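Read the structure below first, then the notes.
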Amino acid sequence: MSSNEAQEKQPSAGRRALTVVLDTDTGRASIVEDPTTSPEIAKVLEEMSCDGVERTSSGGGTSINR
Amino acid sequence: MRVQWATLARYAEVEVGRELLTIVGAGTDVFRMPSVPSRLTTYLALQLRYREVDADHEHRATLTVRDPDLQPVGRPLEIRFEPTLNPRHAVGWEALFSIGGAISFTVDAVGTYSIGIGLTDAHAAEIPFRVLAL
Chain U
1 MSSNEAQEKQ PSAGRRALTV VLDTDTGRAS IVEDPTTSPE IAKVLEEMSC
51 DGVERTSSGG GTSINR
Chain B
1 MRVQWATLAR YAEVEVGREL LTIVGAGTDV FRMPSVPSRL TTYLALQLRY
51 REVDADHEHR ATLTVRDPDL QPVGRPLEIR FEPTLNPRHA VGWEALFSIG
101 GAISFTVDAV GTYSIGIGLT DAHAAEIPFR VLAL
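Chains U and B, in that order, give the protein sequences.
According to the numbering used here, the first sequence is numbered sequentially starting from 1.
According to the numbering used here, the second sequence is numbered sequentially starting from 1.
See the structure below:
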């Protein structure tokens, strides 16, 4: 699905959940119908994989599946 | 309509049909960046609750990224949607609506940022996060 096709789907009726791609630089908010096959999601993941940003949490945690 | 919870993550999407949110790396709130200014992309997951009478009406969620001086970063983002009750919905309960996906913006400096979430013009939640130098 192209970016334009995704954008044309707003506003969207009859939904129970949404996957979106948002960009404040352009103000664009688009709905992704299928994240698995979406070129938009693939592009985002590719950008994130090589942006050199370290993403972490300031909190702590533990697993309970013992 | 209200925000039940909201978090940043390394990945988030909804599974259409089952309406499940898949989230990887939830709780992300520190971004160490090689340089600024630079574009930053992260994922966002929201779980909304709404009354049954609010189903089948259009709602509007607005997202505003704010910089360390509390000034808006870029343009506010608007998501319009019309939730419908799931056949599996339990009558009398609040209904669920999930939103997951990517959000990108430009970071000009290190410091504390936030993503404000508004629902139909009322402030509903805030997600704070920090941008640090790598």
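We treat Cβ as the ideally placed atom computed from N, Cα and C, and that holds for glycine.
Just so you know, these numbers come straight off a predicted model, no measurement behind them.
Suppose you measure from the CA of residue i to the CA of residue j; what does that come to, to the nearest Å?
{"i": "GLY118(B)", "j": "GLY52(U)", "result": "31 Å"}
{"i": "ALA133(B)", "j": "SER104(B)", "result": "18 Å"}
{"i": "LEU18(U)", "j": "GLY111(B)", "result": "30 Å"}
{"i": "ASP108(B)", "j": "ILE115(B)", "result": "15 Å"}
{"i": "THR64(B)", "j": "PRO87(B)", "result": "33 Å"}
{"i": "THR62(B)", "j": "THR84(B)", "result": "20 Å"}
{"i": "LEU96(B)", "j": "VAL21(U)", "result": "20 Å"}
{"i": "THR7(B)", "j": "THR42(B)", "result": "10 Å"}
{"i": "PHE31(B)", "j": "GLU19(B)", "result": "29 Å"}
{"i": "PRO34(B)", "j": "PRO68(B)", "result": "18 Å"}
{"i": "PRO72(B)", "j": "LEU40(B)", "result": "15 Å"}
{"i": "GLU54(U)", "j": "GLY92(B)", "result": "44 Å"}
{"i": "GLU78(B)", "j": "ALA102(B)", "result": "14 Å"}
{"i": "CYS50(U)", "j": "ALA55(B)", "result": "41 Å"}
{"i": "ALA122(B)", "j": "TRP5(B)", "result": "16 Å"}
If I measure Cβ to Cβ from residue i and keep anything under 6 Å in the same chain, skipping five residues before and after, which residues do I get?
{"i": "ILE23(B)", "result": "ALA9, ALA12 and ALA45"}
{"i": "LEU21(B)", "result": "VAL14, ALA45, SER98 and GLY100"}
{"i": "ARG28(U)", "result": "none"}
{"i": "THR62(U)", "result": "none"}
Excluding five sequence neighbours on each side, which residues of the same chain lie with their C-beta closer than 7 Å to the C-beta of residue i?
{"i": "VAL32(U)", "result": "ALA6, THR19, VAL20, VAL21, SER38, GLU40 and ILE41"}
What is the DSSP secondary structure of residue i, counted as helix, strand or coil?
{"i": "PRO128(B)", "result": "strand"}
{"i": "ALA109(B)", "result": "coil"}
{"i": "HIS123(B)", "result": "strand"}
{"i": "GLU94(B)", "result": "coil"}
{"i": "VAL3(B)", "result": "strand"}
{"i": "THR62(U)", "result": "coil"}
{"i": "ARG55(U)", "result": "strand"}
Closer than 8 Å by C-beta to residue i: which residues in its own chain qualify, once you throw out the five before and the five after it? Chain order, please.
{"i": "ARG2(B)", "result": "LEU48, ARG49, TYR50, LEU119 and ALA124"}
{"i": "PRO128(B)", "result": "ASP29, THR112, TYR113 and SER114"}
For a contact meaning CB atoms closer than 7 Å, what does residue i contact in chain D?
{"i": "PRO39(U)", "result": "Protein chains in the displayed structure are U and B, and chain D is not among them."}
### Task
With 8 Å as the C-beta to C-beta threshold (strictly closer), list the residues of the stretch 99-131 of chain B near chain U in chain order.
ILE99, GLY100, GLY101, ALA102, ILE103, SER104, PHE105, THR106 and ARG130
### Task
Can you check the stretch 16-51 of chain U for any alpha helix (DSSP H) of at least 4 residues that lies completely inside it and give the ranges in chain order?
39-49
### Task
Tell me the start and end of each unbroken alpha helix (DSSP H) in the stretch 9-85 of chain B that is at least 4 residues and wholly inside, in chain order.
none
#### Entry: Against chain U: residues of the stretch 75-102 of chain B by CB proximity under 7 Å
ARG75, LEU77, GLU78, ILE79, ARG80, PHE81, GLU82, PRO83, THR84, ASN86, PHE97, SER98, ILE99, GLY100, GLY101 and ALA102
### Task
Can you give me, in chain order, the residues of the stretch 46-64 of chain U that have a beta carbon less than 9 Å from any beta carbon in chain B?
GLU47, MET48, ASP51, GLY52, VAL53, GLU54, ARG55, THR56, SER57, SER58, GLY59 and GLY61
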